[in-house]
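Engineer: My questions will all concern the structure given below.
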Amino acid sequence: MHSLPGSQMVVTDLSEKNKRADALAKLGLCFGIGMITGSSLGGTLSTRFGEKVAAYVASGGSFINLLLVLKFIPKHTKRQHTKKNDTGSVFNLGEIVRLMKFPGVAKTFTVKIISGMPSGVFQVMFSIIVMNFFELQAEQNGYLMAYLGVVQMVIQGAVIGRLTTRYSENSLLMFSVGLNSLVGLAQALTTNIFQFCVVLVPMMLSLSIFNIITDSMLTKSVPASDTVQAKRRMGSTRPQIQGLQLPHNLHDIELEKISDYILVSQHQVFMLAWQGVSSSIYIKMSPEFVGRTCGLCGNFNADVQDDLKTSYGVLTENLAMFGNSWMEEDPQLTCQMVPSPYPFPCSVQETYNLLKVEKVCTSLLKVPFKSCHEYVSPYSYIASCSNDLCLSGSSGDIVCQVFTEYTRACAHAGHPLHNWRSHFPLCGIECPADLLYRECITCCPVHCNIEHICIDSKLQCLDGCYCPDDLIYEDGICVKPSECPCEHRGMLYPSGHSIQEECNNCTCVGGVWNCTEHSCPGECSVTGDMYFQSFDGRVYTFPATCQYVLAKSRSPGRFIVTIHNTPCGPNLDRACIQSVNLVLNDDPRTEVMLSHSGEVYMASQIRISLPYSDEMFQIQELSSMFVQVKTVQGLRLQYNWKEFRLYLQLGELWRDDTVGLCGTFNGNIQDDFLAPSGMIESSPNLFGNAWRLSSACMPRPSLPQLDPCDTHQQAASYAVEKCDVLMQEIFAVCHEHVSPMAFQLQCRADVCRCGVACLCSALAHYARTCRKHNIIIEFRSHVPECGVTCPPTMEYGVCVSSCERHCLSLSLPQICGDECEEGCVCPQGTYYSMRTQTCVKRSECSCSFLGADYSPGDVILTSSDIQICQDGKLVSQSIITDQICPPGQVYEDCGNMVEGLSASKGLACVHT
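For what it's worth, the UniProt record's numbering labels the leading residue of the sequence shown as 1, then goes sequentially.
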């Protein structure tokens, strides 16, 4: 127990304020486990070997505890300041008095002392009371202590955390004090050990709540310089800095550049505009976050009176105290605390300078700013103007910056002052050629990229240099709308350029592809860590850890494909496909399920052997890596369960007749995010969860998705190195047809999160896309991690099919199409035998009859005649007799002609 205060200090330093009570409770859980183990062990040792042995073991445990502290607990969990503390002991009276001055500390400290004193006395006398009053032996006392540990473990591990999320700390503190009073009365009336054990439960509940809540309240009542927040925990590992080409989408975060502003936005959450030249930051929050923010920007509740609330929850008028409390501490940076009280800059200026400052700043009360006074009060800006000029001098740059901030506020309020700079020649701005200075550029200007979607949390407008109204800013220059390039698979093509897409020819016309309208098959894919590409080509991702409708027909009940995902990985921070289900005509009997292990089930229960065919389905293993399901309705599923890849292909019959995560299959990516409600969602997360099956699981909270390479920094360099192979010579032949940029970004994100398996999936997905352009890339021999070792007698191919290369196919003829995938198959002229699990000659294939397996040459007596197993199928003995030829001749069966066989002697076989 001697290490409990130190442990509480460390947990306090390394936990966030809103989770601190729960963290301290979990610490209590650990001590509870220790009490159970220690008490049981102590009682046993005392009984069997004497109290000295128990004392020696306890001493050894303390020594081990010391070694563990030295080994694993960091030397410093608080920020180390360059200024040394000369006060000596932490119990210095002056230091205690200083801490008592913080709001709330003295009250909480007093309550903790007064209410905690009886509890402390009871804890010290606990063993003496139970041994003398109840006359327990040492071993029995150990068992009682173990029971106490169990109660503490349950309360602090399972109860405290839930209570702190539902009730305020003040309410819990009052509850614990009241409950403790009732427990004291119950203890006075206790007469036996059973009653005492019952009373121990509410006693431990009240003590646990009291100690944890008061400790948590005390740590929150002092500034961050005295109690370090958990955010410093990440200070030792700085995020990797990586340049981005704008615009850029990082999961559901959109980054773009307009004039001198960098814009960062998330749909229905916020928009941040950073103007680096003037070091200005503007944030607009979505209305749903009213009252749910904190920091230097306040709590967003429309009440300016409570904006100055510190990070530890204290409302203050002390600006320095407020600002310092929100300072992010970084061990690699040295930042000085703002002195308190914060000095007023103009208080040390001479009268002459003050008159000059007043003359300049009161210009905000006159034309051209006067027309905005009704919408934005100038007085706070006049005060800021005075402070800035007194602090930095009345240079032209400072004055112009002050006026600019006021006019920006007017523009954000919807009332831009367009010509104010003409009244102040020193504030004029020169723009590069072809650009004009504009006081109000829309935050959602016209883009050549038609995928650009404006969201509701945009700022009203921004100032800066931009194109004239009839031109579009594209790649650093102003272009006419008719000159906009077109984007396809990450590549930009100039206006007038033509490409072949599937079965159509497309020409770029003013940023839009104008394509012929031949009906082509469509393909939707799910690859890696839940990257979706719709039938129409829209690529997106979201944390898909539930069951979703991948695609279904708009026409009721014709087909539905669902995908069932679960969290996976060491940290359960990624999603893996558990199963893929296909149902036709709303009939459960036609359900096919593909499992994550490659097995296939019919009607969700019956596992089937492949190949399989009936009047609705043809199911086969295309290769050792892919299983394929084809339906008579023109639907085809190809699933690689080993590398997290799923492809859904639909014939032209289904054009404009699908909904789900795969989109609408109508050639228009703008409506791919069509939700079941009929609304078009604006973010992948909203769209994805709209197609979640409500009975499957609860969706994850809608939080910003971090770059996996920031959260898994140990894998970032490996991901960059391995995924850069997409830019190298192996794949270079495909670059002019399919840009590798988007595939490379997906590869890096996936590899950071799930390693080699996702690396091979990303590379294979790009290679497969290239194969659509008749470009075959055999990358696996160049990337050792992705090499494929085939079973004996099989061979690897980039584009192969096992159709008609299975012994079962000899007795159940398959209808083969032109589909192929990579993987291992039997060489031409051999067949896969389920019996030997190898490739064999046709004559070595066994036969299947009524569920039984027969070797070549076996004779089966049926109700009609005698059958003999020959070349993988049962043949009537009478037919075999007819096939006996005279000496010197060989019988040839035109029905079993091997591809490439020609009649070199005698009569040739011809189709009749």
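Where is the CB? At the ideal position from N, CA and C, for every residue including glycine.
#1: So CYS820 and PRO791 are supposed to be a Cβ contact under 8 angstroms. How far apart are they, rounded?
#2: Assuming GLY313 and ASN301 form a contact by the criterion Cβ under 8 angstroms, report the distance between their Cβ atoms to the nearest whole angstrom.
#3: Which residue wins for smallest C-alpha separation from PRO676, given the options VAL549, ALA719, CYS734?
#4: Using 10 angstroms around the beta-carbon of TYR531, count the other beta-carbons present and answer buried if the total reaches 16, otherwise exposed.
#5: Please state whether DSSP places PHE300 in a helix, a strand or coil.
#6: Contact check, GLY510 vs SER495 under 8 angstroms by CB: the rounded distance?
#7: Using the rule of at least 16 other Cβ atoms within 10 Å of the residue's Cβ for burial, across every protein chain shown, is residue 975 buried or exposed?
#8: Can ASP672 and GLY660 be called in contact, C-beta distance under 7 angstroms?
#9: Suppose you measure from the CA of THR507 to the CA of TYR601; what does that come to, to the nearest Å?
#10: Which of the three DSSP states, helix, strand or coil, is assigned to ASN648?
#11: Give the list of continuous alpha helix (DSSP H) stretches no shorter than 4 residues that lie fully inside the stretch 308-370.
#12: Would you say the beta carbon of VAL825 is closer than 6 angstroms to some non-hydrogen atom of the ligand PLP?
#13: Distance check for PHE743 and PRO588, CA to CA, integer angstroms please.
#14: Can you give the beta carbon distance from residue 940 to CYS361, rounded, assuming they're within the 8 angstroms contact cut?
#15: In whole angstroms, give me the CA-to-CA distance for SER171 and GLY178.
#16: Do ALA413 and VAL376 have their CB atoms nearer than 7 angstroms?
#17: May I have a chain-ordered list of the beta strand (DSSP E) segments no shorter than 3 residues that lie completely inside the stretch 707-764?
#18: On the three-state DSSP scale, how would you describe GLY57?
#19: Assuming contact is defined by CB atoms lying nearer than 7 angstroms, are GLU785 and VAL798 in contact in what I supplied?
#20: From LEU426 to THR407, what does the alpha carbon distance come to, in whole angstroms?
#21: Hey, how far is the Cα of ARG655 from the Cα of SER519?
#22: Would you report the Cα separation of GLY667 and PHE535, rounded to the nearest angstrom?
#23: Roughly how far, in whole angstroms, is the beta-carbon of VAL367 from the beta-carbon of ASP388, given that I think they are within contact range, below 8 angstroms?
#24: Taking buried to mean at least 16 other C-beta atoms within 10 Å of its own C-beta, is CYS486 buried or exposed?
#25: Pick out whichever of SER265, VAL201, SER482 has its Cα sitting closest to the Cα of CYS443.
#26: Quick one: residues in its chain with C-beta nearer than 6 angstroms to the C-beta of LEU492, no 5 flanking neighbours on either side, listed in chain order?
#27: Once DSSP output is grouped into helix, strand and coil, what is the label at TYR379?
#28: Do ALA186 and VAL199 have their CB atoms nearer than 7 angstroms?
#29: Quick one: grab the DSSP three-state call for CYS400.
#30: Among SER597, CYS803, ALA575, ILE608, whose alpha-carbon lies nearest the alpha-carbon of GLU591?
#31: Straight-line CA distance for LYS841 to LEU246?
#32: Looking at the structure shown, is VAL277 part of a helix, part of a strand, or coil, going by DSSP?
#33: Give me the Cα-Cα distance between SER802 and GLN460, rounded to the nearest whole angstrom.
#34: Does the pairing of the stretch 749-763 with the stretch 714-728 give three or more beta-carbon distances under 8 angstroms?
#35: Considering only residues of the same chain and omitting the five flanking positions on each side of SER498, which have a CB-CB separation below 7 angstroms?
#36: Rounded to whole angstroms, what's the CA-CA distance from CYS431 to CYS465? Just pull it up for me.
Structural biologist: Put simply:
#1: CYS820 to PRO791, Cβ: 19 angstroms. No contact.
#2: Incorrect: roughly 15 angstroms between the Cβ atoms, too far for contact.
#3: VAL549
#4: buried
#5: coil
#6: 6 angstroms
#7: Residue numbering for the chain in the displayed model covers 1 to 912; residue 975 lies beyond these limits and cannot be assessed.
#8: no
#9: 45 angstroms
#10: A small fix is needed here, since residue 648 is Leu in this sequence, not Asn. The answer is strand: DSSP assigns LEU648 an E or B state.
#11: 319-325, 351-361
#12: Judged by which ligands are present, the structure shown has none, so any question about the ligand PLP falls away.
#13: 38 angstroms
#14: Only positions 1 to 912 of the chain appear in this structure, which leaves residue 940 out of reach.
#15: 11 angstroms
#16: yes
#17: none
#18: According to the sequence shown, residue 57 is Val rather than Gly. Helix.
#19: no
#20: 16 angstroms
#21: 8 angstroms
#22: 8 angstroms
#23: The Cβ separation is near 22 angstroms, so there is no contact.
#24: buried
#25: SER265
#26: PRO485
#27: helix
#28: yes
#29: helix
#30: ILE608
#31: 59 angstroms
#32: coil
#33: 60 angstroms
#34: yes
#35: ASN505, CYS506, THR507
#36: 6 angstroms
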